[in-house]
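Q:
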Amino acid sequence: MGISTGSGTYSDPHVIEDLIIDDGSSGNYIWIENSNVYFKIENFTVYNAIVWSDAGIKLNNNILNK
Numbered sequence: 001m002g003i004s005t006g007s008g009t010y011s012d013p014h015v016i017e018d019l020i021i022d023d024g025s026s027g028n029y030i031w032i033e034n035s036n037v038y039f040k041i042e043n044f045t046v047y048n049a050i051v052w053s054d055a056g057i058k059l060n061n062n063i064l065n066k
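By the working numbering, the letter at position 46 of the sequence shown is numbered 46, and the numbering carries on one by one without gaps.
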């Protein structure tokens with residue numbers, strides 16, 4: 001689970017995968033900020049989120065997303 005592979009380049013991005021989170025509270029569970037590397041997010045699930053607008057994935061001020 002979590003970051004499992006990759007060097008952060010276009011041809012070999014970081015991979016965040018296979019996360020399943022039972023929320024029960026509020027908050028962002030994948031938060032990527034001020035990044036300048038390539039990454040992929042695959043197979044990510046959040047359930048029982050109390051505050052839907054804060055649950056899940058937050059990308060802020062990132063230059064390269066794949």
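Beta carbons are placed, not taken as given, at the ideal position from N, Cα and C, and that holds for glycine. If you're wondering where the values come from, they're calculated on a predicted model, not measured in any experiment.
1. Buried or exposed for Ile63, going by 16 or more other Cβ atoms inside 10 Å?
2. The beta strand (DSSP E) with Thr45 in it runs from where to where?
3. Taking Tyr47 as the reference, which of Ile20, Ile16 and Val15 has the closest Cα?
4. From Glu42 to Asn34, what distance separates their C-alpha atoms?
5. How many Å lie between Tyr29 and Val15 at the Cα?
A: From the atom records:
1. Here the question's residue 63 lines up with position 63 in the sequence shown. Ile63 is classed as exposed because its beta carbon has fewer than 16 other beta carbons within 10 Å across all chains shown.
2. Looking up residue 45 in the sequence shown gives position 45. Residues Phe39 to Tyr47.
3. Here residue 47 refers to the residue found at position 47 when the sequence shown is read from its first residue. The option with the nearest alpha carbon to Tyr47 is Ile20.
4. Along the sequence shown, one-based indexing puts residue 42 at 42. Along the sequence shown, one-based indexing puts residue 34 at 34. Those two C-alpha atoms are separated by around 20 Å.
5. Here residue 29 corresponds to residue number 29 of the sequence shown, with the count starting at 1. Here residue 15 corresponds to residue number 15 of the sequence shown, with the count starting at 1. If you take the alpha carbons of Tyr29 and Val15, they lie about 15 Å apart.
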